[in-house]
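Read the structure below first, then the notes.
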Amino acid sequence: MNYFFTPAPPEHQKKEKAKARELRQSSWWKQQLGKGTCYHCGQSFKPSELTMDHLIPIVRGGKSDKKNCVPSCKDCNNKKGHKTRAEMAMEELELGASSVKEPDSDENSSN
Numbered sequence: 027m028n029y030f031f032t033p034a035p036p037e038h039q040k041k042e043k044a045k046a047r048e049l050r051q052s053s054w055w056k057q058q059l060g061k062g063t064c065y066h067c068g069q070s071f072k073p074s075e076l077t078m079d080h081l082i083p084i085v086r087g088g089k090s091d092k093k094n095c096v097p098s099c100k101d102c103n104n105k106k107g108h109k110t111r112a113e114m115a116m117e118e119l120e121l122g123a124s125s126v127k128e129p130d131s132d133e134n135s136s137n
């Protein structure tokens, strides 16, 4: 699915990227990484394997603040790209994939 949007002005993007660099050095961000969980897929990772993802991408007008930045594994961050979380979920549904994990079949069997 293609998403069309008007990119945020270059000044906004430059300012927010600088703020993201600062935020990565904060104790708050280090605490987020320390949890070791990808916001999108819920899998565990080493802190060094997580990246900063903007829920509303900078290029779409998002800000580099605590409300908009989450730890994400590189795979999820690359898949998301410049999409919002809602667009990512819609794309997964269209492709027949879902980030919602199905219960183990053993739990549902009646032995």
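Heads up: the sequence shown is residues 27 to 137, going by our numbering.
Note that CB positions come from ideal geometry on N, CA and C, so glycine has one too.
State the beta-bridge partners of residue i as determined by DSSP.
i	result
methionine 78	Pro97
threonine 110	DSSP, once it has assigned bridges, lists no residue as partnering threonine 110.
threonine 32	In the DSSP output, where bridge partners are listed per residue, threonine 32 has none listed.
Secondary structure at residue i, three-state DSSP: helix, strand or coil?
i	result
serine 53	helix
Output the distance between the C-alpha atoms of residue i and residue j, rounded to the nearest integer angstrom.
i	j	result
aspartate 91	glycine 122	33 Å
glycine 88	lysine 56	21 Å
glutamine 69	serine 53	22 Å
cysteine 67	proline 35	31 Å
leucine 59	lysine 105	20 Å
phenylalanine 39	leucine 119	The sequence given here places glutamine at residue 39; phenylalanine does not occur at that position. Distance between the alpha carbons of glutamine 39 and leucine 119 is about 30 Å.
arginine 86	histidine 108	7 Å
Measure the beta-carbon distance from residue i to residue j and round it to whole angstroms, keeping in mind my assumption that it falls under 8 Å.
i	j	result
methionine 78	cysteine 95	5 Å
lysine 100	glutamate 75	7 Å
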